[in-house]
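Sequence positions in the sequence shown follow numbering that gives the first Met the number 0 and run 0 to 826. Ideal placement from N, C-alpha and C gives every residue a C-beta, glycine not left out. Some notes on the structure that comes next.
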Amino acid sequence: MNKKIILSLFTIVGLGYSDTLPTISVSDKSTDPSTISSQNISQKDIELMSHGNGDIGSVLKLNPNIQVEDKFNDKDTISDIKPSKIRINGAKFYQNSLLLDGISNDSLLDPVNDNDYAITDVPGNENSMYIDLDLVESIDVYDSGISAKYGNFNGGVIDVKLKRPSFERKTKFKYRHTSESFVNFHTKISQDDDTFGEDMESLSDFEKTFFTFHHNQPINEKSAVFATYNYKKSILPKDYFSSYKDETQENHNLLLKYSYFFDDDSILDLTGIYSNFENKLFRDYVLNSEFTNIGSGLNIKANYEKSFDFWNMESAFALGRNENSREDSATDYKKWLRYGSKPWGIESIDNKSYSKEGGYGNIEKTNDKIELNSDFSSKKFSFLNTENELFTGFQLSYQKANYTRDQNSYSYYNPIYNSEIICNGYTSDCVDREQYFSKRIVYKAEDVDVDMASLGLYFEDNITYKNLQIKPGIRLDYNTYLKNYDLSPRLNISYDLFGNGKTVLFGGLNRYYDKSLLAFKLREARSPYQSEYRSRYKNELNSSLIPSGTFNNTVWNVDSDKGDNRYTFSTLDTPYTDEKVIGLRQEFFNNYLKVKYIQRDSKNQFKEETGEKQSYIREDGYVGYYEPISVTNNGVSEYDSMTISIENVEPIKIGEADFSYMFSTRINNKNETNFLTYDLDDNTVSRTKVQYKDELINRNLLPSYDDPQVYKLYLALDNIKYKVFNYKANISFSSIFKYTEKYKTTKLLEGDYMEAGTDYLIYEDKEFREHYTIDAKVNMYFPLPKKQSLNASLEVINLLDRENEEQFFDDNYSIGRQVWLELSYTF
Numbered sequence: 000m001n002k003k004i005i006l007s008l009f010t011i012v013g014l015g016y017s018d019t020l021p022t023i024s025v026s027d028k029s030t031d032p033s034t035i036s037s038q039n040i041s042q043k044d045i046e047l048m049s050h051g052n053g054d055i056g057s058v059l060k061l062n063p064n065i066q067v068e069d070k071f072n073d074k075d076t077i078s079d080i081k082p083s084k085i086r087i088n089g090a091k092f093y094q095n096s097l098l099l100d101g102i103s104n105d106s107l108l109d110p111v112n113d114n115d116y117a118i119t120d121v122p123g124n125e126n127s128m129y130i131d132l133d134l135v136e137s138i139d140v141y142d143s144g145i146s147a148k149y150g151n152f153n154g155g156v157i158d159v160k161l162k163r164p165s166f167e168r169k170t171k172f173k174y175r176h177t178s179e180s181f182v183n184f185h186t187k188i189s190q191d192d193d194t195f196g197e198d199m200e201s202l203s204d205f206e207k208t209f210f211t212f213h214h215n216q217p218i219n220e221k222s223a224v225f226a227t228y229n230y231k232k233s234i235l236p237k238d239y240f241s242s243y244k245d246e247t248q249e250n251h252n253l254l255l256k257y258s259y260f261f262d263d264d265s266i267l268d269l270t271g272i273y274s275n276f277e278n279k280l281f282r283d284y285v286l287n288s289e290f291t292n293i294g295s296g297l298n299i300k301a302n303y304e305k306s307f308d309f310w311n312m313e314s315a316f317a318l319g320r321n322e323n324s325r326e327d328s329a330t331d332y333k334k335w336l337r338y339g340s341k342p343w344g345i346e347s348i349d350n351k352s353y354s355k356e357g358g359y360g361n362i363e364k365t366n367d368k369i370e371l372n373s374d375f376s377s378k379k380f381s382f383l384n385t386e387n388e389l390f391t392g393f394q395l396s397y398q399k400a401n402y403t404r405d406q407n408s409y410s411y412y413n414p415i416y417n418s419e420i421i422c423n424g425y426t427s428d429c430v431d432r433e434q435y436f437s438k439r440i441v442y443k444a445e446d447v448d449v450d451m452a453s454l455g456l457y458f459e460d461n462i463t464y465k466n467l468q469i470k471p472g473i474r475l476d477y478n479t480y481l482k483n484y485d486l487s488p489r490l491n492i493s494y495d496l497f498g499n500g501k502t503v504l505f506g507g508l509n510r511y512y513d514k515s516l517l518a519f520k521l522r523e524a525r526s527p528y529q530s531e532y533r534s535r536y537k538n539e540l541n542s543s544l545i546p547s548g549t550f551n552n553t554v555w556n557v558d559s560d561k562g563d564n565r566y567t568f569s570t571l572d573t574p575y576t577d578e579k580v581i582g583l584r585q586e587f588f589n590n591y592l593k594v595k596y597i598q599r600d601s602k603n604q605f606k607e608e609t610g611e612k613q614s615y616i617r618e619d620g621y622v623g624y625y626e627p628i629s630v631t632n633n634g635v636s637e638y639d640s641m642t643i644s645i646e647n648v649e650p651i652k653i654g655e656a657d658f659s660y661m662f663s664t665r666i667n668n669k670n671e672t673n674f675l676t677y678d679l680d681d682n683t684v685s686r687t688k689v690q691y692k693d694e695l696i697n698r699n700l701l702p703s704y705d706d707p708q709v710y711k712l713y714l715a716l717d718n719i720k721y722k723v724f725n726y727k728a729n730i731s732f733s734s735i736f737k738y739t740e741k742y743k744t745t746k747l748l749e750g751d752y753m754e755a756g757t758d759y760l761i762y763e764d765k766e767f768r769e770h771y772t773i774d775a776k777v778n779m780y781f782p783l784p785k786k787q788s789l790n791a792s793l794e795v796i797n798l799l800d801r802e803n804e805e806q807f808f809d810d811n812y813s814i815g816r817q818v819w820l821e822l823s824y825t826f
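Here it is in structure tokens:
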């Protein structure tokens with residue numbers, strides 16, 4: 000690595016902030032086999048790190064076993080405020096388990112579909128609710144050697160503890176902002192070129208504004224209440240015919256939590272969480288095409304902690320509802336010829352001009368859930384010269400999902416010009432003496448319900464014999480959808496070589512079963528869409544001139560030869576991952592060196608495939624045909640990697656300031672898979688084949704290249720005493736240096752390849768050279784009289800304003816330096 004790069008990083012270390020001492024939280028000296036390789040992120044860590052959009056993924060980037068989606072280096076995501084996608088040890092982003100105070104926040108509606116413009120569905124997310132870091136107290140991340148307590152994942156577990164009320168009255172307001180004026184753009188087009196700046200016009204006025212309100216209120220000496228409201232808004236102007244139109248995203252988070260502390264040290268928490276995300280969109284160059292995508296969630300729960308003579312108990316009961324919907328959409332979509340009374344369209348690439356209008360109707364998908372969890376841990380006890388600690392518990396849930404399209408939606412296409420056509424009053428799909436539609440697709444109104452009950456049981460024993468700890472466990476999962484009894488053996492071991500916690504060897508053999516998705520069951524229950532056609536009779540539609548008893552083709556008739564899509568699901572096995580892990584944790588001179596090797600084989604993974612056309616009897620008694628789209632267990636993947644990290648155990652004193660650091664890297668030996676996700680929800684392209692190297696191949700035969708080699712160095716200097724304009728201040732600084740070696744990947748190209756009337760996505764291999772970036776954050780904390788304080792922070796993404804070659808592959812420009820400004824006042 001270039002020495003000048005490292006030196007430039009150290010020269011910018013100088014400033015930073017926090018009202019409490021923020022340090023990097025490393026694993027403590029515990030040698031528990033199932034937590035030794037975990038990561039804990041405390042409230043202090045969260046305050047110190049850069050937040051970006053303020054989602055949980057923004058503080059997980061240091062973990063070498065985790066890949067977090069980068070939303071700030073792409074024009075399509077720089078204005079996005081949805082949570083970043085998180086991948087753990089080669090698994091898909093939807094294969095993690097995200098818990099909020101012990102209750103699952105995983106969405107089973109459809110975590111993969113992110114197509115805002117889907118016709119028959121609405122976009123989903125792997126999260127039931129979008130949770131902001133302002134609501135979070137701490138995060139525990141388990142990426143390997145995971146306890147039998149956790150199930151329903153193939154990647155890892157992210158266990159989030161939400162903030163709990165305290166016995167100090169406190170109120171806080173916070174404002175956070177970025178916009179196009181805070182971002183630097185690079186372009187590869189000369190300023191003398193007539194097209195200079197065109198690709199960046201859509202970002203010329205984008206902005207993000209966040210606002211947060213906190214209030215903590217003691218009620219008496221035993222109870223307190225805490226409330227947080229978080230609001231986010233993003234605005235992105237986009238082309239709309241000859242002008243621009245704003246697309247907006249808004250997210251509301253509301254947390255209300257009451258805590259009661261009993262005399263026997265037991266604790267009762269009552270929590271209500273509400274999250275509502277709205278994305279107001281329109282279709283490019285389509286008249287009256289506005290609609291709103293909604294992702295919302297509501298969760299009401301009770302958590303109870305109590306210690307008995309032998310057992311400690313943590314229980315949680317929750318009622319929840321989450322929704323993915325499309326609202327305010329026109330019911331029908333029409334693709335007119337651009338002519339006469341329909342003049343607003345633009346030139347088409349096939350030398351035809353169309354005027355498009357409308358949308359595909361409203362859709363509502365909901366998931367209602369009730370969940371009860373209890374976890375028990377015993378006091379330590381002796382048995383046959385060993386020390387034992389038992390862990391057991393259960394998770395019980397019932398979920399009901401619904402898909403509703405409130406009325407038929409029609410997509411009209413194949414317009415025919417006819418200067419003599421008579422519509423006979425049917426003017427919604429015909430213009431007298433101008434044009435009419437000869438074909439349409441019908442998406443029928445429907446109301447579909449499915450449900451699923453789930454049970455999880457587990458037992459573990461942490462056995463200690465001298466310097467050796469063995470933690471065998473077993474977990475059983477069952478649900479009424481797949482009806483599989485999934486038995487997950489877990490075995491994790493650690494050996495403290497010298498008995499002082501400084502040199503610890505650890506390893507494990509574990510099986511993890513994934514979750515079952517209600518999305519599959521909903522799709523299977525839905526009706527296929529229906530293709531219809533019509534023609535004219537003596538230049539009339541809906542003609543009364545057709546002789547009695549003669550087939551009337553001037554009204555809409557079902558095209559039985561058209562292959563409609565229908566989802567079918569055979570009996571599925573539950574996807575699982577077998578894991579082998581071995582590692583070393585070595586303490587030396589106040590530092591931890593951790594080396595870990597992970598090998599994972601994933602089998603029975605959900606994968607979408609299509610079959611030959613099948614016949615069925617339609618409602619009108621005629622024979623129809625459909626193309627079955629099945630989710631199978633034919634997906635497999637193999638992954639192995641070695642990660643290396645070094646971090647200080649305790650902060651290093653530099654005067655009154657505290658210095659912390661962490662270096663990490665991951666070496667991928669293998670990351671192979673035969674599927675991208677379980678779904679490719681796009682009705683306009685082939686689902687199973689793509690064009691690659693000028694040939695049509697099955698999508699699952701696309702090459703899977705190893706992830707690039709990445710080195711990360713995190714530096715933090717905090718608790719600096721300083722005067723700013725004669726005001727005392729605590730200042731802190733943090734930065735992340737990221738170096739990525741050259742790498743090869745398969746890129747999706749713009750446009751489609753058409754053959755025999757079918758469109759195919761186009762892929763090609765591309766190599767990118769090495770690059771590096773530095774992100775930095777400066778915090779300034781000003782204590783004021785009467786327990787007041789003023790905080791200001793500045794976050795800079797891509798501090799050195801580096802260009803990104805991969806961005807230039809997709810666009811004519813690259814996003815450079817980006818700045819976030821944050822102000823808060825506490826009293």
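Buried versus exposed, by CB contacts within 10 Å (16 or more), residue i
i       : result
Tyr-726 : exposed
Phe-307 : exposed
Thr-549 : exposed
Ile-23  : Unreliable positioning characterises Ile-23 in this predicted model, as indicated by a pLDDT of 38, which lies under 50. A coordinate reading is not provided.
Tyr-411 : buried
Leu-318 : exposed
Gln-94  : buried
Asp-723 : At residue 723 the sequence reads Val, which differs from the Asp that was named. Looking at its Cβ environment, which holds fewer than 16 other Cβ atoms inside 10 Å, Val-723 is exposed.
Ile-218 : exposed
Glu-766 : exposed
Asn-52  : buried
Rounded straight-line distance, which links the Cα of residue j to that of residue i
i       : j       : result
Ile-299 : Glu-370 : 11 Å
Val-777 : Leu-820 : 10 Å
Tyr-832 : Gly-360 : What is shown of the chain runs 0 to 826, which leaves residue 832 out entirely.
Asn-538 : Val-554 : 13 Å
Asp-476 : Thr-573 : 10 Å
Asp-268 : Gly-296 : 20 Å
Ile-118 : Phe-209 : 31 Å
Ser-827 : Val-580 : This structure leaves residue 827 out entirely; the chain is present only between 0 and 826.
Glu-46  : Lys-231 : 19 Å
Option in the options with minimal Cα separation from residue i
i       : options                               : result
Ile-187 : Arg-474, Val-818 and Ile-814          : Strictly speaking, residue 187 in this sequence is Lys, with Ile absent from that position. The option with the nearest alpha carbon to Lys-187 is Ile-814.
Asn-278 : Met-312, Glu-326, Val-285 and Gly-296 : Glu-326
Asp-31  : Glu-671, Thr-609 and Leu-504          : Leu-504
Asn-384 : Leu-747, Pro-217, Ile-545 and Leu-467 : Leu-467
Ser-33  : Gly-507, Leu-760, Phe-71 and Leu-789  : Gly-507
Ser-324 : Gly-339, Asp-120, Ser-78 and Ser-526  : Asp-120
Tyr-704 : Asn-667, Gln-690 and Ser-731          : Asn-667
Lys-688 : Ile-645, Thr-609, Thr-177 and Asp-283 : Thr-609
Expected contact under 8 Å - CB spacing of residue i and residue j to nearest Å
i       : j       : result
Ile-65  : Ile-85  : 6 Å
Phe-375 : Ser-328 : Their Cβ separation, rounded to whole angstroms, is 49 Å, which puts Phe-375 and Ser-328 out of contact at 8 Å.
Leu-822 : Ala-791 : 5 Å
Tyr-303 : Lys-334 : No, Tyr-303 and Lys-334 are not in contact; Cβ-Cβ is about 58 Å, not under 8 Å.
Pro-650 : Phe-662 : With a Cβ gap of about 16 Å, Pro-650 and Phe-662 do not count as contacting.
Tyr-338 : Gln-434 : 7 Å
Thr-211 : Lys-160 : Contact doesn't hold; Cβ gap of about 19 Å is too wide.
Cβ-based neighbour list, residue i, same chain, cut-off 6 Å, excluding 5 preceding and 5 following
i       : result
Gln-394 : Asn-372 and Gly-455
Lys-60  : Val-67
Glu-637 : Asp-600, Lys-669 and Glu-671
Ser-453 : Ser-396 and Asn-478
Ala-775 : Ser-734, Val-795 and Leu-798
Residues of its chain near residue i, where Cβ-Cβ distance is below 8 Å and the 5 sequence neighbours each way are ignored
i       : result
Trp-310 : Phe-375, Ser-376, Ser-377 and Lys-378
Beta-carbon proximity list for residue i, same chain, < 7 Å, skipping 5 on both sides
i       : result
Glu-386 : Lys-379 and Thr-463
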